[in-house]
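Peer 1: Once you've had a glance at the structure underneath, I'll fire off some questions.
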Amino acid sequence: MIKNSNNTQKQKIIFQVIFWCAFFLIGEVKIYAEYKNPMFSQIIPYDLTHLLFQILAANFAYSILIKKLFYRKRYFVFIVSSILGIYGISVLNRLFTIYIAEPFFIETPQDDVWNIITDVNYLFCFYVIPIVTASFIFVSISFMLDLRNEKENSVQLLKEKAELELKALKTRLNPHFLFNTLNNIYSLSIINSSKTSESISRLSNMLDYILYKADKKMVLISEEMKVIKDYIELEKLRYSERLQLVIAENIQSENQIPPLLFLSLVENAFKHGAACNTGKISIFISVETNVVKTVLKVENSFIPKENMDSKGLGLKIIQDQLKIIYGDQSQFEIENKNGFFKVQIQIPANEN
Numbered sequence: 004m005i006k007n008s009n010n011t012q013k014q015k016i017i018f019q020v021i022f023w024c025a026f027f028l029i030g031e032v033k034i035y036a037e038y039k040n041p042m043f044s045q046i047i048p049y050d051l052t053h054l055l056f057q058i059l060a061a062n063f064a065y066s067i068l069i070k071k072l073f074y075r076k077r078y079f080v081f082i083v084s085s086i087l088g089i090y091g092i093s094v095l096n097r098l099f100t101i102y103i104a105e106p107f108f109i110e111t112p113q114d115d116v117w118n119i120i121t122d123v124n125y126l127f128c129f130y131v132i133p134i135v136t137a138s139f140i141f142v143s144i145s146f147m148l149d150l151r152n153e154k155e156n157s158v159q160l161l162k163e164k165a166e167l168e169l170k171a172l173k174t175r176l177n178p179h180f181l182f183n184t185l186n187n188i189y190s191l192s193i194i195n196s197s198k199t200s201e202s203i204s205r206l207s208n209m210l211d212y213i214l215y216k217a218d219k220k221m222v223l224i225s226e227e228m229k230v231i232k233d234y235i236e237l238e239k240l241r242y243s244e245r246l247q248l249v250i251a252e253n254i255q256s257e258n259q260i261p262p263l264l265f266l267s268l269v270e271n272a273f274k275h276g277a278a279c280n281t282g283k284i285s286i287f288i289s290v291e292t293n294v295v296k297t298v299l300k301v302e303n304s305f306i307p308k309e310n311m312d313s314k315g316l317g318l319k320i321i322q323d324q325l326k327i328i329y330g331d332q333s334q335f336e337i338e339n340k341n342g343f344f345k346v347q348i349q350i351p352a353n354e355n
């Protein structure tokens, strides 16, 4: 956030330089277009003097009047301060011009201070209007830039929040799953089952993927499917014949997906479907890809009373992450009826 703050300050300085240089040049071009043979030797010093106070007035208007008073709904103080501020800066501008600037480039009779302060018509025409015009343009553009920066900061905060939640999701390996898997592997080792080494290898592959490879922003669908199949084989050790599992793959394109996205949905199906059911367990997994999109469907049988909350924390994090990465290009659908819980995700073939 410190880096973002420094970037914002740098952007503001660059904006000030570009805006006031452009404002000054446009004014000079306008004078050149309106008058024949303008005396720029006198006009430019005058305009630079006016520019100095226009910069002062515009920044005062936005930083103090708008942000400190208007935004805080102190409307009466805002109106009074605006009138006094514009009048005071206009008087200072004229005093500076007559008593400090003009002696360097022109010799003219100097008005006394009282006439300068009380000559409201002259102040209004030659000082107030230019100052108000410059301030209005500056404030309008500054407001739009600040609004854009606030939106960008909000998006950045959402991204950081989603990334933290995703990291939590990535580093979360269900303790019950890990405990039961190790227990099953231990049981296999006692009877010298041929599945022991294979199960250890699968668990090792999963841990390697979750702890290391999942730090990538995107992975190939084949990498995710491999770890999903390892996960399923390990879960089969736990549920054995009770599990009725169907996996349908139609991979026409090697698309990219956020790591652990599909695995989290499959784990959710076992957690809320298999773990909460002592009878037969039905889980259907479908993956389809083409050059345009990737579609994943996970459907599991469930006991209705165990699934009253159809969108748990894990699914909510996944949905938020999809919005951050893909925006409106992703689809996240949940269906809960007839004893089956279904989640479907559709995302573009690649992040871009």
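Under the working numbering, the first residue of the sequence shown is numbered 4, with each subsequent residue one higher.
Glycine included, each C-beta is placed from N, C-alpha and C at the ideal position.
Give me the Cα-Cα distance between F182 and I337, rounded to the nearest whole angstrom.
Peer 2: Distance between the alpha carbons of F182 and I337 is about 30 Å.
Peer 1: Less than 8 Å between the C-beta atoms of V290 and I235, yes or no?
Peer 2: Their beta carbons are not under 8 Å apart, which means V290 does not touch I235 by this criterion.
Peer 1: Taking the DSSP output, what are the residues bridged to E302?
Peer 2: Partner(s): F287, K345.
Peer 1: How about L268 and A217: are their beta carbons less than 8 Å apart?
Peer 2: Not in contact: L268 and A217 (Cβ atoms no closer than 8 Å).
Peer 1: Using the Cα positions of L237 and V295, report the straight-line distance between them to the nearest angstrom.
Peer 2: Each residue's Cα considered, the two are about 32 Å apart.
Peer 1: Kindly list the residues whose CB is nearer than 6 Å to the CB of V249, restricted to its own chain and excluding five residues on each side of it in sequence; keep chain order.
Peer 2: Counting only Cβ-Cβ distances below 6 Å, and skipping sequence neighbours, we find F287.
Peer 1: Within the chosen definition, does the stretch 51–70 reach the stretch 86–97 through at least 3 CB pairs nearer than 8 Å?
Peer 2: Contact between the stretch 51–70 and the stretch 86–97 is present, because at least three Cβ pairs lie under 8 Å.
Peer 1: For a test of the three-state rule: what should DSSP assign to Q12, helix, strand or coil?
Peer 2: Q12 falls in the helix class under three-state DSSP.
Peer 1: Kindly list the residues whose CB is nearer than 7 Å to the CB of L54, restricted to its own chain and excluding five residues on each side of it in sequence; keep chain order.
Peer 2: If we look at L54 and ignore the five residues flanking it on each side, its Cβ neighbours are W23, F27.
Peer 1: Given this structure, state the Cα-to-Cα distance separating Y38 from F81, to the nearest angstrom.
Peer 2: Approximately 39 Å, taken between the alpha carbons.
Peer 1: List the whole-angstrom C-beta distance separating M209 from E354, where the pair is believed to meet the contact cut-off of C-beta under 8 Å.
Peer 2: That pair is no contact at about 24 Å.
Peer 1: So L299 and F265 are supposed to be a Cβ contact under 8 Å. How far apart are they, rounded?
Peer 2: That belief holds up - the Cβ atoms of L299 and F265 are roughly 5 Å apart, short of 8 Å.
Peer 1: Thinking C-alpha only, which one of K76, I47, K70, V131 is nearest G87?
Peer 2: A small correction: the amino acid at residue 87 is Leu; Gly does not occupy that position in the sequence shown. The shortest Cα separation from L87 among K76, I47, K70, V131 belongs to V131.
Peer 1: Have a look at S145 and R77 and give me their C-alpha separation to the nearest angstrom.
Peer 2: Looking at the two C-alpha atoms, the distance is approximately 21 Å.
Peer 1: Hey, how far is the Cα of A137 from the Cα of G30?
Peer 2: Each residue's Cα considered, the two are about 11 Å apart.
Peer 1: Can you give me the start and stop residues for the alpha helix (DSSP H) that A272 sits inside?
Peer 2: 264–272 is the span of the alpha helix (DSSP H), which, as asked, contains A272.
Peer 1: State the start and end residues of the unbroken beta strand (DSSP E) segment that holds V230.
Peer 2: Segment 224–242 is the alpha helix (DSSP H) holding V230; no beta strand (DSSP E) there.
Peer 1: What do you get for E257, buried or exposed, if any count of 16 or more other CB atoms within 10 angstroms of its CB means buried?
Peer 2: Label assigned to E257: exposed.
Peer 1: Helix, strand or coil: how does DSSP classify I82 here?
Peer 2: Helix at I82.
Peer 1: Whose C-beta lies closer than 7 Å to the C-beta of S225 among residues of the same chain, with five residues either side of it excluded?
Peer 2: Excluding residues within five positions, the ones whose Cβ falls inside 7 Å are E257.
Peer 1: Does DSSP classify Q57 as helix, strand or coil?
Peer 2: In this structure, Q57 counts as helix in the three-state DSSP scheme.
Peer 1: Looking at V230: is its Cβ nearer than 8 Å to the Cβ of V301?
Peer 2: No, Cβ-Cβ distance for V230 and V301 is not below 8 Å.
Peer 1: If you draw a straight line from the alpha carbon of K70 to that of K274, how long is it in whole angstroms?
Peer 2: If I take the Cα positions, the gap works out to 51 Å.
Peer 1: Consult DSSP for M311 and reduce its assignment to one of helix, strand or coil.
Peer 2: Its pLDDT being 46, under 50, M311 is placed unreliably by the model, and the measurement read from it follows with that caveat. In the structure shown, M311 sits in coil (DSSP, three-state: anything other than H, G, I, E or B).
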